[in-house]
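Participant: As they're listed, the protein sequences go chains G and Y.
If you read the first sequence in the numbering used here, its first letter stands for residue 1, the second for the next number, and so on.
If you read the second sequence in the numbering used here, its first letter stands for residue 1, the second for the next number, and so on.
Backbone N, C-alpha and C fix where the C-beta goes; we use that ideal spot for every residue, glycine too.
Predicted model, so just to flag it, every value in this text is computed and none were measured.
One structure, pasted below without further comment.
Number of protein chains: 2
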Amino acid sequence: MTTTTTATKQFITSEQLLEHWQGHRNLTRRTIEMFPEKDLFEFSIGGMRPFAKLAVELIGIGGPALKGINEKTTEAYHEDAFVPTNKAELLKKWDEETEVINHYFNMISEERFQETFNLFGQYEFPVYQNILYFIDNEIHHRGQGFVYLRALGIEPPFFWERF
Amino acid sequence: MTTTTTATKQFITSEQLLEHWQGHRNLTRRTIEMFPEKDLFEFSIGGMRPFAKLAVELIGIGGPALKGINEKTTEAYHEDAFVPTNKAELLKKWDEETEVINHYFNMISEERFQETFNLFGQYEFPVYQNILYFIDNEIHHRGQGFVYLRALGIEPPFFWERF
């Protein structure tokens with residue numbers, strides 16, 4: 001009988017993943033900035049949420065989720081925990097969350113990334129999958145924001161420019 | 001003098017990344033399927049490309065890029081190497097590329113992910129960054145496809161359902 005052993009290969013380190021995520025967050029921040037104040041809170045296509053609402057969803061996930069992962073709390077996700085009334089407020093909160101994300105992300109051990117956790121008491125997946133979901137969800141919604149900008153006749157930022 | 005040593009933590013293995021990517025590719029496939037034939041090739045918002053064009057871009061990147069990384073060729077990216085005339089052709093090619101991606105991705109060593117490579121003779125970055133870009137670019141464009149579907153009055157697939 002032949003035994004086949006497949007060596008486990010590392011794809012990326014946690015430091016590289018955090019830098020990648022913060023690069024995306026910086027691009028999303030510039031996308032928020034490009035919206036005219038009124039359109040940020042009101043413009044919509046096909047019954048979807050305005051971009052401010054999508055950004056608030058992202059703010060409600062990243063930092064709070066990482067805090068929950070570290071403290072092993074399963075408190076539910078609160079979509080309406082933060083309700084900005086203008087772009088400046090939204091950007092200020094965005095920047096505060098940058099530090100929250102850096103703080104809590106760096107506390108997660110290599111072993112923990114592989115452990116299953118019931119995030120927000122609802123999403124029971126390995127921690128690395130939950131974190132990839134935060135980033136994917138941000139890229140997904142920002143892509144939608146790019147369509148809003150194009151529909152408004154505004155050229156979005158370059159997708160490949162991150163910092 | 002105090003020396004601070006930061007241990008390098010693995011975030012994910014290459015096997016986990018490939019599964020993650022193919023999950024996204026499966027969701028994109030279902031997004032293509034949901035478009036009415038005509039709209040797939042013609043519907044557009046704000047002067048953007050129809051979803052078929054975006055899907056063809058994705059097909060032109062994943063497999064060919066991984067082949068280039070493995071064979072260390074710097075042949076340019078060809079946007080028009082594949083021009084489908086209907087949805088079935090597009091989906092057939094999509095499925096063929098699934099195998100191409102699996103084949104070439106698995107040939108990349110752990111060390112190689114960290115090496116810089118001039119992809120398509122144009123994008124000189126560490127291999128892991130190039131691969132993350134392929135996935136991000138797909139999520140970005142699929143998010144745009146979701147807006148097209150909503151604007152067409154069609155409910156997109158669930159973002160979190162991958163397989």
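(1) Can you name, in chain order, every residue of its own chain whose Cβ lies under 6 Å from the Cβ of F146 (chain Y), other than the five neighbours on each side?
(2) With C-beta atoms as the reference, is I108 (chain G) less than 8 Å away from W21 (chain G)?
(3) Hey, does E155 (chain Y) have any beta-carbon neighbour from chain G nearer than 8 Å?
(4) Counting along the chain, where does the alpha helix (DSSP H) carrying F122 (chain Y) start and finish?
(5) What is the residue span of the alpha helix (DSSP H) that E101 (chain Y) lies within?
(6) So is T8 (chain G) buried or exposed if we call it buried at 16+ other beta carbons inside 10 Å?
(7) Ignoring anything shorter than 3 residues or poking outside the region 9–62 of chain G, list the beta strand (DSSP E) runs there in chain order.
(8) If you draw a straight line from the alpha carbon of K38 (chain G) to that of H141 (chain G), how long is it in whole angstroms?
(9) Given that Y128 (chain Y) touches chain G, what residues does it touch there, using C-beta distances under 8 Å?
(10) In whole angstroms, what separates the C-alpha of K93 (chain G) from that of E42 (chain Y)?
(11) Kindly list the residues whose CB is nearer than 7 Å to the CB of T3 (chain G), restricted to its own chain and excluding five residues on each side of it in sequence; keep chain order.
(12) Using the beta-carbon of each residue, which ones in chain Y are nearer than 8 Å to I101 (chain G)?
(13) As a quick exercise: from Y:L91, Y:Y133 and Y:A88, pick the residue whose alpha carbon is nearest that of L119 (chain Y).
(14) Can you name, in chain order, every residue of its own chain whose Cβ lies under 8 Å from the Cβ of T98 (chain Y), other than the five neighbours on each side?
(15) How should N86 (chain G) be labelled, buried or exposed, when 16 other C-beta atoms within 10 angstroms of its C-beta is the threshold for buried?
(16) CB A65 (chain Y) to CB L90 (chain Y), shorter than 8 Å?
(17) Report the partner residues of T74 (chain Y) according to the DSSP bridge assignment.
(18) Using 8 Å as the threshold, is the C-beta distance between Y128 (chain Y) and Q16 (chain G) below it?
(19) Which value, in whole angstroms, describes the spacing of the CA atoms of R112 (chain Y) and P36 (chain G)?
(20) When the distance is taken between beta carbons, is Q10 (chain G) closer than 8 Å to Q122 (chain Y)?
(21) What are the boundary residues of the alpha helix (DSSP H) that R112 (chain G) is part of?
(22) Give the single residue among Y:E19, Y:I12, Y:L27 and Y:P50 whose Cα lies nearest to the Cα of L152 (chain Y).
(23) Taking the C-alpha atoms as reference points, what is the distance between S44 (chain Y) and Y148 (chain Y)?
(24) Can you find a CB in chain G that lies within less than 8 Å of the CB of M48 (chain Y)?
(25) Less than 8 Å between the CB atoms is what I'm expecting for Q144 (chain G) and M48 (chain G), so what's the real figure, rounded?
(26) Which residues, taken in chain order from the region 75–90 of chain Y, show a beta carbon closer than 8 Å to some beta carbon of chain G?
(27) Tell whether a beta-carbon distance below 8 Å holds between G46 (chain Y) and R150 (chain G).
(28) Compare the Cα-Cα distances from F158 (chain Y) to each of Y:T31, Y:Q114 and Y:E19 and report the closest residue.
(29) According to DSSP, is A65 (chain Y) part of a helix, a strand, or is it coil?
Facilitator: A quick look at the data gives this:
(1) Cβ neighbours of F146 (chain Y) beyond the five flanking positions: P156.
(2) For I108 (chain G) and W21 (chain G), no; Cβs fall outside 8 Å.
(3) E155 (chain Y) does not count as touching chain G.
(4) The residue asked about is misnamed: residue 122 (chain Y) is Gln in this sequence, not Phe. No alpha helix (DSSP H) contains Q122 (chain Y), which DSSP labels as neither H nor E.
(5) Checking the displayed sequence, the identity of residue 101 (chain Y) turns out to be Ile instead of Glu. In the DSSP assignment, I101 (chain Y) falls within the unbroken alpha helix (DSSP H) covering K87 to F105.
(6) With fewer than 16 Cβ atoms within 10 Å of its Cβ, T8 (chain G) is classed as exposed.
(7) Scanning the region 9–62 of chain G from its first residue to its last, the whole beta strand (DSSP E) runs of 3-plus residues come out as 10–13.
(8) K38 (chain G) and H141 (chain G): Cα-Cα distance of roughly 19 Å.
(9) Within chain G, the residues F11, I12 and Q16 have their CB atoms less than 8 Å from the CB of Y128 (chain Y), given in chain order.
(10) In a straight line, the C-alpha of K93 (chain G) is about 40 Å away from that of E42 (chain Y).
(11) Caution applies to T3 (chain G), whose pLDDT of 49 falls short of 50 and renders its modelled position unreliable; the model cannot decide the point.
(12) Going along chain Y, no residue has its Cβ under 8 Å from I101 (chain G), so there is no contact; the nearest lies around 14 Å.
(13) L119 (chain Y) has its Cα closest to that of Y:Y133, out of Y:L91, Y:Y133 and Y:A88.
(14) Answer for T98 (chain Y): Q22 and R25, listed in chain order.
(15) Within 10 angstroms of the beta-carbon of N86 (chain G) lie fewer than 16 other beta-carbons, which makes it exposed.
(16) No. Outside cutoff.
(17) DSSP lists no partner for T74 (chain Y).
(18) Taking 8 Å as the Cβ cut-off, Y128 (chain Y) and Q16 (chain G) qualify as a contacting pair.
(19) Here the C-alpha atom of R112 (chain Y) lies approximately 44 Å from the C-alpha atom of P36 (chain G).
(20) The Cβ atoms of Q122 (chain Y) and Q10 (chain G) do not sit closer than 8 Å to each other.
(21) Where R112 (chain G) is concerned, the enclosing alpha helix (DSSP H) starts and stops at E110 to Q114.
(22) Minimum Cα distance to L152 (chain Y) is reached at Y:P50.
(23) For S44 (chain Y) and Y148 (chain Y), the distance between alpha carbons rounds to 7 Å.
(24) Interface annotation, M48 (chain Y): in contact with chain G, CB-CB separation under 8 Å.
(25) The beta-carbon distance between Q144 (chain G) and M48 (chain G), rounded to whole angstroms, is 7 Å. This is short enough to meet the 8 Å contact definition.
(26) Identification of residues in the region 75–90 of chain Y having a C-beta nearer than 8 Å to some C-beta of chain G yields an empty set.
(27) For G46 (chain Y) and R150 (chain G), yes; Cβs fall inside 8 Å.
(28) The option with the nearest alpha carbon to F158 (chain Y) is Y:T31.
(29) Helix, per DSSP.
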